[in-house]
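**Q**
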Amino acid sequence: AVVSTQSTGRYKGYGELTTVDLETAKKVYCDLEYRKKWDSYCNDLRVLNENEERQIIYWRVAYPWPMSHRDYVFLRKTKLISEPDRWCIIGRSDSSESVDTVKSVVRVEQYEQTIAFQRNESGSGTKVFMYYFDNPGGSLPTWLINWAAKTGVPQFMTTLKNACEKYGQ
């Protein structure tokens, strides 16, 4: 299910990956090289800087024609909330790394995402909770905002589930 506040670009989603264990869901979400294979909107994704506590990531996203692609520079932290069955991954815009802009790509300066993975009651699946906000800049057509709320976020959950089921094969 997805709840959106279309005028502000804020989305909340939740679902359950009944056939995917918690550790696999977390690994798939955090594995940037693998994400380039399963996320068709991902044009570029790489770690710019990292330490034990956080990563600074560059991410370029393909927007549908006729929109310009967008890119993000963000800080990501992964935290264990409760041993052993709750993880939270937090991303937010970051300007600590100097990254050149790409011609015809719009830099997103305001971005936040929190995704939480929790082992389900049976222990064999994973509950997923997601909060997402970005200000993509420029004027976006209503059809694109509606697509993100009604199709894009739910489609992401399905794509994530499929990627989890194929992980390690």
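Following this note's numbering, the numbering of the sequence shown begins with 1026 at its first residue and continues without gaps. By construction, the Cβ of each residue, glycine as well, lies at the ideal position given by its N, Cα and C atoms. What you are looking at is a predicted structure, and each value in this text was computed from that prediction instead of being measured.
Leaving out five residues before and five after Pro1161 in sequence, what residues of the same chain have Cβ atoms less than 6 Å from its Cβ?
**A** Here the set comprises Arg1095 and Val1133.
**Q** How long is the line joining the alpha carbons of Lys1128 and Leu1070, rounded to whole angstroms?
**A** The straight-line gap from Cα to Cα measures roughly 17 Å.
**Q** Who are the near neighbours of Met1182 in its chain, counting only those whose CB is closer than 7 Å to its CB and skipping five residues on each side?
**A** Answer for Met1182: Gly1038, Gly1040 and Val1153, listed in chain order.
**Q** Using a Cβ-Cβ cutoff of less than 8 Å, which residues in the same chain neighbour Val1131 once the five nearest sequence positions on both sides are dropped?
**A** Only Ser1093, His1094, Arg1095, Asp1096, Pro1161, Gly1162 and Gly1163 meet the Cβ criterion.
**Q** Would you call Trp1084 buried or exposed, if buried means 16 or more other Cβ atoms sit within 10 Å of its Cβ?
**A** That one is buried.
**Q** Got a sec? Which residues, its chain only, sit under 8 Å from Phe1158 by beta carbon, not counting five neighbours each side?
**A** Counting only Cβ-Cβ distances below 8 Å, and skipping sequence neighbours, we find Thr1033, Gly1034, Arg1035, Tyr1036, Gln1135, Tyr1136, Glu1137 and Gln1138.
**Q** Could you spell out where the alpha helix (DSSP H) holding Trp1063 opens and where it closes?
**A** Its alpha helix (DSSP H) spans residues Leu1057 to Trp1063.
**Q** My assumption, with CB atoms under 8 Å, is that Leu1185 sits in contact with Tyr1066. Please give the rounded CB distance.
**A** No, Leu1185 and Tyr1066 are not in contact; Cβ-Cβ is about 13 Å, not under 8 Å.
**Q** Going by DSSP, which residues form a beta bridge with Tyr1039?
**A** Paired residues: Phe1154.
**Q** Kindly give me the distance between the Cβ atoms of Asp1064 and Ser1149, rounded to whole angstroms, as I take these residues to be in contact under 8 Å.
**A** Between Ser1149 and Asp1064 the Cβ distance is about 25 Å, and since that is not below 8 Å, they are no contact.
**Q** As a quick exercise: from Leu1057, Pro1089, Gln1080 and Glu1058, pick the residue whose alpha carbon is nearest that of Pro1166.
**A** Measuring from the Cα of Pro1166, the nearest candidate turns out to be Pro1089.
**Q** Just how far apart, CA to CA, sit Thr1044 and Leu1100?
**A** Distance between the alpha carbons of Thr1044 and Leu1100: 30 Å.
**Q** Short of 6 Å in beta carbon distance, which residues of its chain neighbour Tyr1156, apart from the five on each side in sequence? Order them along the chain.
**A** Excluding positions up to five away in sequence, the list reads Lys1037 and Thr1139.
**Q** So, Cys1189 versus Ala1087, is the Cβ gap smaller than 8 Å?
**A** No. Outside cutoff.
**Q** For Trp1168, does the count of other Cβ atoms within 10 angstroms reach 16, so buried, or fall short, so exposed?
**A** Result: exposed.
**Q** In whole angstroms, what separates the C-alpha of Pro1123 from that of Thr1103?
**A** Note on identity: in this sequence residue 1123 is Ser, with Pro being the wrong assignment. Rounded to the nearest angstrom, the two C-alpha atoms are 23 Å apart.
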